[in-house]
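Q: Residue numbers (the working numbering), protein chains in the order written: chain F, 1 to 131; chain L, 132 to 280; chain E, 281 to 390. Heads up, the beta-carbon is just placed ideally off N, CA and C, and yes, glycines get one too. Sharing a structure with you now.
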């Protein structure tokens, strides 16, 4: 699915990288926690859907060769982050829709979920609180 | 143990504690170094993920430290050493989902508890040593030219 | 839509079925508890990677229809016990959050 098409479906704006509107992303992954992104995505060119606008989001997108980042819930990243993404040629989009609507709309339109990595989460130790 | 192979490339990066603004910059620098050295995308991605997790752990939990990138003929090594509280029970801390992250870190999207495990999952060789009250040292090695599943 | 029907349709499994007749109004997908507290609606099915005890408190406060953990993530026994005691439905999905949200959305908005 082309980024231009995604932007149209979600009424999203290009924060940077509008010149790459024809770029294709085949799969998407949605999470706010970067640990999940780092642990779960193994393909390249994935669309990251997140409500996090910290500079680390774009760095994660860069080191994992992601196709684009889509910020949900009407959040806009700070200027420094935008400039960084521009330099790293990672398109950033922003939509006022929430993550659920965003995922739902894109899934219904045929965007596939990113494949998961073989990871022994079924037997995972549960979240422990600070002792 | 065979004698160590030739070092092609070495870089040392300082990591400041709790500097969330800069957290992740070592990893992006390491990625660019490896790309410039002509490493395959798979090797670059694994090394970047290992580095990112290690760097975040240092920023969130330690009193600072350094990350050393060592590229040898047959391997990429990432060495992490920090001054900090250390890890009392490494086996426990390595379990996926185990986290001692404070709420502020979770709300920023960190500390879901996959860090050490994810570093290990992306390494061919992985060693972690820690002394409570002193710090933690990690060596993550990616061997070149062998299949990784 | 009744939660029981949603479970059958989108292929998720029940970990704590406190009230499967609960009406599902929509969905909410977020790992930030403060965001969920501010924006989730009563009757939403909440999809989250977070699994600590605070999730149950937030689910109860917002009166969500249930909490879905994606990727087969399982909360600990004390979280499940708290959910049972508080009457919060807990569900587990094998797919990613994107996939669960997508299937739920497609089912509720065909």
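For a contact meaning CB atoms closer than 8 Å, what does residue 314(E) contact in chain F?
A: Translated into the one-based positions of the third chain, residue 314(E) becomes position 34. The contacting residues do not exist; residue 314(E) stays about 11 Å from chain F at best.
Q: So is residue 276(L) buried or exposed if we call it buried at 16+ other beta carbons inside 10 Å?
A: Locating residue 276(L) in the second chain gives position 145, where the first residue counts as 1. Its Cβ having fewer than 16 others within 10 Å, residue 276(L) is exposed.
Q: Given a limit of 9 Å on CB to CB distance, which residues of the segment 181 to 193 of chain L reach chain F?
A: For the segment 181 to 193 of chain L, which is checked against every Cβ of chain F, the residues closer than 9 Å are 182, 183, 184, 187.
Q: Are the C-beta atoms of residue 381(E) and some chain F residue less than 8 Å apart?
A: As a working mapping, residue 381(E) is identified with position 101 in the third chain. Yes, its Cβ sits closer than 8 Å to a Cβ of chain F.
Q: By Cβ distance below 8 Å, which residues in the same chain neighbour residue 281(E) in space, the five residues on each side in sequence not counted?
A: Taking the third chain and counting its residues from 1, the one referred to as residue 281(E) is at position 1. These residues qualify, in order along the chain: 303, 304, 387, 388.
Q: Can you tell me which of the three DSSP states residue 321(E) falls into?
A: Translated into the one-based positions of the third chain, residue 321(E) becomes position 41. DSSP places residue 321(E) in coil when its eight states are reduced to three.
Q: So within the segment 151 to 181 of chain L, which uninterrupted alpha helix (DSSP H) runs reach at least 4 residues, ignoring any that extend past its ends?
A: Here the runs fully enclosed are 156 to 167.
Q: Within a Cβ cutoff of 6 Å, which residues of the same chain sit near residue 374(E), ignoring the five residues on either side of it in sequence?
A: Taking the third chain and counting its residues from 1, one reaches residue 374(E) at position 94. Result list for residue 374(E): 352, in chain order.
Q: Note down, in chain order, every chain F residue with its Cβ under 7 Å from the Cβ of residue 154(L).
A: Position 23 of the second chain, counted from the start, is the residue given in the question as residue 154(L). Those are 56, listed as they occur along chain F.
Q: Would the segment 199 to 219 of chain L count as touching the segment 283 to 301 of chain E if we require 3 or more Cβ pairs under 8 Å?
A: Output reads no: the segment 283 to 301 of chain E does not touch the segment 199 to 219 of chain L.
Q: Does the beta carbon of residue 23(F) sit closer than 8 Å to a beta carbon anywhere in chain E?
A: Residue numbering aside, residue 23(F) sits at position 23 when the first chain is read from its first letter. Not an interface residue.
Q: Return helix, strand or coil for residue 207(L), following the three-state DSSP convention.
A: Here residue 207(L) refers to the residue found at position 76 of the second chain. Strand.
Q: Using a Cβ-Cβ distance under 8 Å, would residue 311(E) count as near chain F?
A: Along the third chain, read from residue 1 onward, the residue named residue 311(E) stands at position 31. So yes, residue 311(E) belongs to the interface.
Q: If we require 3 or more residues per run, which beta strand (DSSP E) segments fall completely within the segment 314 to 367 of chain E?
A: Segments of the beta strand (DSSP E) lying fully in the segment 314 to 367 of chain E: 324 to 327, 346 to 349.
Q: Give the interface partners of residue 32(F) over in chain L, defined as CB-CB distance under 7 Å, in chain order.
A: Start at 1 with the first residue of the first chain, and residue 32(F) comes out as number 32. Here the neighbours are 240.
Q: Is the shortest distance between the beta-carbon of residue 176(L) and the beta-carbons of chain F less than 8 Å?
A: Counted from its first residue, the second chain places residue 176(L) at position 45. By this cut-off, residue 176(L) is an interface position.
Q: So is residue 365(E) buried or exposed if we call it buried at 16+ other beta carbons inside 10 Å?
A: Numbered from its first residue, the third chain carries residue 365(E) at position 85. Per the 10 Å Cβ criterion, exposed.
Q: Near residue 80(F), which residues of its chain fall below 7 Å by C-beta distance, leaving aside the five closest residues on each side in sequence?
A: Here residue 80(F) is taken as the residue at index 80 of the first chain, counted from 1. 55, listed in sequence order.
Q: Does the beta carbon of residue 59(F) come closer than 8 Å to any beta carbon on chain L?
A: Reading the first chain from its first residue, position 59 is the one you call residue 59(F). Yes, residue 59(F) lies at the interface with chain L (some Cβ there is under 8 Å from its Cβ).
Q: When the cut-off is 8 Å and only beta carbons count, does residue 104(F) lie next to chain E?
A: Your numbering for residue 104(F) matches position 104 in the first chain. Yes - at least one Cβ of chain E is within 8 Å of the one on residue 104(F).
Q: Answer with buried or exposed for residue 2(F), where buried requires no fewer than 16 other C-beta atoms within 10 angstroms of its C-beta.
A: The residue you call residue 2(F) lines up with position 2 of the first chain. It counts as exposed.
Q: Between 51(F), 19(F), 68(F), 66(F), which has its C-alpha nearest residue 96(F)'s C-alpha?
A: Counting from 1 along the first chain, the entry for residue 96(F) is found at position 96. Of 51(F), 19(F), 68(F), 66(F), the residue nearest in Cα terms is 51(F).
Q: Once you ignore the five residues that flank residue 306(E) on each side, which residues in its own chain have a CB closer than 6 Å to its CB?
A: Here the question's residue 306(E) lines up with position 26 in the third chain. Same-chain partners within the cutoff: 324.
Q: Excluding five sequence neighbours on each side, which residues of the same chain lie with their C-beta closer than 6 Å to the C-beta of residue 227(L)?
A: To locate residue 227(L), count along the second chain from 1; it is residue 96. So the qualifying residues of the chain are 245, 248.
Q: Kindly indicate the opening and closing residues of the beta strand (DSSP E) around residue 144(L).
A: To locate residue 144(L), count along the second chain from 1; it is residue 13. Its beta strand (DSSP E) spans residues 138 to 146.
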